[in-house]
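Asks: Take the sequence shown: its position 92, counted from the start at 1, is 96 in our numbering, and no numbers get skipped.
What follows is a structure written as structure tokens; I'll ask about it next.
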Amino acid sequence: MNDIDEILAWHKQTFPEFSSRNQETKLNEEIGEYHAAIDTVIETGLQSDLEKVREELADVIIAAINMMRYPEIQTLVKDKMAINLKRTWKDGRHN
Ligand SMILES: [Mg+2]
5 MNDIDEILAW HKQTFPEFSS RNQETKLNEE IGEYHAAIDT VIETGLQSDL
55 EKVREELADV IIAAINMMRY PEIQTLVKDK MAINLKRTWK DGRHN
């Protein structure tokens, strides 16, 4: 399994010119592909289409991990996690 550092190193090497805005666009595209794949599997019920959903989910996760390459995004996540840590959670939701 690739660890997060390996994914980030691949991203830096493969897309050296990418800005955080470029990567945010990529993340949004992958989310769109994931939703489209879900719509397709609902329509067809095919195992091969379900595998496509799982692949697109992996793309979303990889794209989100690669957002962490950028210091401004690291700050964004750090600040939001500080809020999350202070919240109380029940059944996967905060009060
Ligand atoms: Mg994709």
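Cβ coordinates follow ideal geometry from the N, Cα and C atoms, glycine included.
1. In angstroms, rounded to a whole number, what distance separates the CA positions of W93 and M71?
2. Using only the alpha-carbon positions, how far apart do A86 and D95 sit?
3. Any heavy atom of ligand 1 closer than 7 Å to the beta-carbon of D63?
4. Which partner residues of K94 appear in the DSSP bridge assignment?
5. Name the residue from S24, E10 and D7 whose alpha carbon lies nearest to the alpha carbon of Q78.
Replies: A quick look at the data gives this:
1. Here residue 93 refers to the residue found at position 89 of the sequence shown. Here residue 71 refers to the residue found at position 67 of the sequence shown. Spanning the two alpha carbons is a distance of roughly 26 Å.
2. Your numbering for residue 86 matches position 82 in the sequence shown. Your numbering for residue 95 matches position 91 in the sequence shown. Straight-line Cα distance between these residues: approximately 20 Å.
3. The count along the sequence shown starts at 1 and reaches residue 63 at position 59. Flag set: Cβ of D63 near ligand 1.
4. Here residue 94 is taken as the residue at index 90 of the sequence shown, counted from 1. R97, per the DSSP bridge assignment.
5. As a position in the sequence shown, residue 78 is number 74, starting the count at 1. For Q78, the nearest C-alpha among the options comes from S24.
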